[in-house]
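*Asks:* One structure follows; several queries about it will come next.
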Amino acid sequence: MTTAGTPRPRGRQFFANPGPTNIPDSVLLACAHHSMDFNDPAFLEVYDACVEGLKRVLGTRQHLFMYTGSGHAAWEASLVNLLSPGDTVLILESGYFSEAWSRMARDLGLEVRTVPADWRQGVEIEAVRAALAADAGRAVKAVCVVHNETATGMRIPVQEVRAAMDAAGHPALLLVDTISSLGSFEVRMDEWGVDAAVGGSQKGLMLPTGMSFTGVSEKAMAAHRESRLPKHYFHWTNMLARRHRSFVGTVPISLFYGLREALRLLEEEGLENVFARHARLGEAVRRCVRHWSGNDGPRLFCTNPGRYSDSVTAVLMPEGHDAEALRAVALNRFNLSLGGGLGLLGGRVFRIGHLGDLNEPMVLGTLSTVELAMRVAGVPHASGGVEAAIAWLAEAAG
Ligand code: PLP
C-alpha cells in the first residue's frame, strides 16, 4: 500500500466526497480575483446580484445574512440570533449532523429535546407531531431539521415537518439545515414555511469552503429582536446597519466573484435540470450499490427508499470489513477520494458524494474504481454493479 510520502498515482484525482465538492474551472478562475475595496461600486454590483441569486436558489424573498465561516458558523448564527438562554429546541435526530447541531445548542446554553429516530429509516413524522402536541406549555421555541443528513445519505421531508407543526398548532420556529441539499435538490424556503434556512458554499454551490448564510423569515426577524443569547460577529441587527446587510467585518470578495459564476452556471443549466441531473446520478449510484449487495456485499445504509438522498449515498460495509481500509486502497492505489463514515459510523460506512459539478463519466469512473478497490481489498460483492448504473443511465438518457 502507498504510504505517507509516497507519491499518489498520476492523473487527476477523482474526488467523490460529499463536501467540499468539485469546483468548476470557471468558478476557480473567477475566485482568482485581485483584492478590491468591498465598498467599490463595481464590487457592490456583483455582491447585490449574488444576494438576489442566492435568494432565488433558497426560494426566498425575505432576509439573507452571510458570514465568513463554514456551515457551523451559520448553525451558530441561527441559534444565537433567534433564541435566549434556557430556551428549548426540538432537534429531529437524523445522524451525525443532527447530533453535532444538538451539541452546539447545549454549549450555547439551550435545552435540547430530541425526536429520536432510526438512522437507517429516518424520523417518523407522527413522532414529531406527537412531541409538539405534548408540549402544552409551548416551551419549544424552535424545531431543527437537517434537510439532508450527509452522514447517512437521507433526506428528511421538510414540508411534512411543517405540516406536523401546523397539525399540532405549534408556534415554534422551523430551522432547516440545507447545507448538503441546496443547489442539489429542491429547497423552497418561503413556500415550505421555513423560518431559518442554513446553507454553505462548499457543496451544491460548487465554491470553496468559507462562506455560509441563513435565509430568515419575517417571523424569525421578530423572534430575533427578542433574543438574548450573546452575539456580536453574527448579530443580524449589527449587519442590517451596514451597506452589505451582512458580514460584520471584511467581505470575502473572491468568494463572491466565484459565487456569481456558480450562480450563472446553475441558472444557465436551469435549477430544474440541475435537480434532475442529481436525481439521475444519485439513482445510478444506488442501483450500482444494490447490485454489489447481491453477494453479501456492501449495502445502502438508508433503508427508506422514499428518503434516499440525491446528493450523497452512504454505503454500509459487510460485517468484518473496514470501510477505512477500502478508502485507503481507493485513495492510495487509485487516487479516488471517498467520504468516510462519521462518528458512530466510522469504519462501517463509506460515502459517495454525487453533488455539484458532476456528470455521468465522473460517477461511472468513481463506481468502477470502488469496484476495483473492493476486488483488491478482498471485500465481497456481486461484481457488475457498474453495468447496472450504465443500464439506468442509458435508460434515463432515452
Ligand atoms: N450540516 C450538514 C448537513 C453538513 O453536511 C455539514 C458538513 O458537511 C455541516 C452541517 C457542517 O458544515 P461545515 O463543515 O461547513 O462547518
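Okay, so the sequence shown: first residue is 125 according to this note's numbering, each after it adds one.
Ideal Cβ placement from N, Cα and C applies to all residues, glycine included.
Could you check the C-alpha separation between ASP314 and THR184 for me, to the nearest Å?
*Replies:* 5 Å
*Asks:* What does DSSP give as the partner residue(s) for HIS187 in the beta ladder?
*Replies:* DSSP output for HIS187 lists VAL340 as bridge partner(s).
*Asks:* With burial defined as no fewer than 16 other Cβ atoms inside 10 Å of the residue's Cβ, what is the status of LEU109: buried or exposed?
*Replies:* No answer is possible for residue 109: it lies beyond the span of the chain, which begins at 125 and ends at 522.
*Asks:* Figure out for me which residue from PHE425, THR427, ASN419 and VAL409 has the closest Cα to the Cα of VAL510.
*Replies:* VAL409
*Asks:* Considering only residues of the region 238–304, which uninterrupted alpha helix (DSSP H) runs meet the minimum length of 4 residues and lie entirely inside it, listed in chain order?
*Replies:* Runs of the alpha helix (DSSP H) inside the region 238–304: 249–257 and 282–291.
*Asks:* Which complete beta strand (DSSP E) runs does the region 402–448 hold, if anything under 3 residues is left out?
*Replies:* 436–440
*Asks:* Bridge partners for PHE474 per DSSP, in chain order?
*Replies:* VAL439 and GLY464
*Asks:* What residues match up with GLY324 in a beta bridge as DSSP calls it?
*Replies:* SER336
*Asks:* Does DSSP put PHE221 in a helix, a strand or coil?
*Replies:* helix
*Asks:* Please say whether LEU379 and THR330 have beta carbons closer to each other than 8 Å?
*Replies:* Position check: residue 330 holds Met in this sequence, whereas Thr was assumed. Taking 8 Å as the Cβ cut-off, MET330 and LEU379 do not qualify as a contacting pair.
*Asks:* Measure the alpha-carbon distance for ALA321 versus VAL252 and round it to whole angstroms.
*Replies:* Rounded to the nearest angstrom, the two C-alpha atoms are 19 Å apart.
*Asks:* From ASN483 to LEU153, what does the alpha carbon distance come to, in whole angstroms?
*Replies:* 20 Å
*Asks:* In whole angstroms, what is the alpha-carbon distance linking GLY135 and LEU182?
*Replies:* 36 Å
*Asks:* Between ALA449, LEU460 and CYS412, which lies nearest to ALA515 when the distance is taken from Cα to Cα?
*Replies:* When only C-alpha atoms are compared, the closest one is CYS412.
*Asks:* In this structure, does DSSP put ALA365 in helix, strand or coil?
*Replies:* coil
*Asks:* What three-state label does DSSP hand ILE215 in the structure shown?
*Replies:* strand
*Asks:* Given a threshold of 16 other Cβ atoms within 10 Å of its Cβ, counted over all protein chains shown, does GLU443 qualify as buried or as exposed?
*Replies:* exposed
*Asks:* Would you mind giving the Cβ-Cβ distance between VAL264 and HIS271, rounded to the nearest angstrom? I have them listed as a contact below 8 Å.
*Replies:* Not confirmed; about 19 Å, so no contact.
*Asks:* Taking 7 Å as the cut-off, is the C-beta of THR184 nearer than that to any heavy atom in the ligand PLP?
*Replies:* no
*Asks:* Any heavy atom of the ligand PLP inside 7 Å of the beta-carbon of ASP231?
*Replies:* no
*Asks:* Could you name the residues of the same chain whose beta carbon sits closer than 7 Å to that of GLU310, not counting the 5 residues immediately before and after it, in chain order?
*Replies:* PHE399
*Asks:* For the alpha helix (DSSP H) containing ALA521, list its first residue and its last residue.
*Replies:* 509–521
*Asks:* Leaving out five residues on either side along the sequence, give the residues of the same chain with a beta carbon under 7 Å from the beta carbon of ASP446.
*Replies:* GLY471
*Asks:* Compute every distance between the C-beta of ASP301 and the non-hydrogen atoms of the ligand PLP, then say whether any falls below 7 Å.
*Replies:* yes
*Asks:* If ALA296 and ALA266 are in contact, beta carbons under 8 Å, what's the gap, nearest whole angstrom?
*Replies:* Right, their Cβ atoms sit about 6 Å apart.
*Asks:* Using the three-state DSSP reduction, which class does PHE139 fall into: helix, strand or coil?
*Replies:* strand
*Asks:* In the DSSP assignment, the alpha helix (DSSP H) including ASP172 goes from what residue to what residue?
*Replies:* 165–182
*Asks:* Within its chain, find whatever has a CB closer than 6 Å to the CB of TRP360; leave out the 5 residues flanking it on each side and keep chain order.
*Replies:* PHE189, ASN205 and HIS348
*Asks:* Can at least three beta-carbon pairs, one atom from the region 191–202 and one from the region 235–252, be found at a separation below 8 Å?
*Replies:* no
*Asks:* Using alpha carbons as the reference points, say which of ILE280, ARG369 and ILE249 lies closest to GLN186.
*Replies:* ARG369
*Asks:* Just the C-alpha distance for LEU387 and GLY143, rounded to the nearest angstrom, thanks.
*Replies:* 18 Å
*Asks:* Can you give the beta carbon distance from PHE138 to SER461, rounded, assuming they're within the 8 Å contact cut?
*Replies:* 7 Å
*Asks:* For the alpha helix (DSSP H) that ASN205 lies in, which residues bound it at each end?
*Replies:* 195–206
*Asks:* Put GLU495 into one of helix, strand or coil per three-state DSSP.
*Replies:* helix
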